[in-house]
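Asker: In this text, residue positions in the sequence shown follow our numbering: the first is 1, and each later residue adds one.
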Amino acid sequence: MTPQELRTFCLSFNATVEDFPFSPEISVFKVLGKLFALTSLDARPLTVNLKCDPDDAVRLRVEHEGLIIPGYHMNKRHWNTVTADGDLPDRLVRELVEDSYDLVVAGLPRSERLRLDRS
């Protein structure tokens, strides 16, 4: 997956914005103000921090050793760092981004989730 493909895919989700709260080099993708993906699009290798179900996080790290690791500078239980331009299939990277978005949306208040459904 290229940096532009990752950026475009993250922005394709409902109510998603790209923000730069840490530095101009760090893209933070948020849904209604809540982070679901964090990446430096200029970095090589291209990695992205994604929220993950704790049980799935551990399983993914074992299945894709070295390509999916505990979230860098994040809560290691709930976040993984995924190498997006390596040996992982693009389909899997997309699934992990979508899962991250869905987990964040599921944690939003009901009224905000309903507002997303209507958009």
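Ideal Cβ placement from N, Cα and C applies to all residues, glycine included. Quick caveat, the model's predicted, so the values are computed rather than measured.
Looking at Y72 and T83, is the spacing between their C-beta atoms short of 7 angstroms?
Answerer: No.
Asker: Would a C-beta distance cut-off of 7 angstroms place T47 and F29 closer than the cut-off?
Answerer: Contact flag unset, no.
Asker: With A37 as the anchor, note down where its alpha helix (DSSP H) starts and where it stops.
Answerer: No alpha helix (DSSP H) holds A37; the beta strand (DSSP E) holding it covers 34-39.
Asker: Considering only their Cβ atoms, is the gap separating L50 from S12 smaller than 7 angstroms?
Answerer: No.
Asker: In the DSSP assignment, what residue or residues form a beta bridge with F29?
Answerer: Note: F29 sits in a beta bridge opposite E18, A37.
Asker: Reducing DSSP to helix, strand and coil, say where L108 ends up.
Answerer: The answer is coil: DSSP assigns L108 none of H, G, I, E or B.
Asker: Whose CA, out of H64, D19, F36, lies closest to the CA of D87?
Answerer: Comparing Cα-Cα distances from D87 to each of H64, D19, F36, the minimum goes to H64.
Asker: Given a cut-off of 7 angstroms on the beta-carbon distance, is the pair V93 and K34 in contact?
Answerer: Not a contact, by the Cβ cut-off of 7 angstroms.
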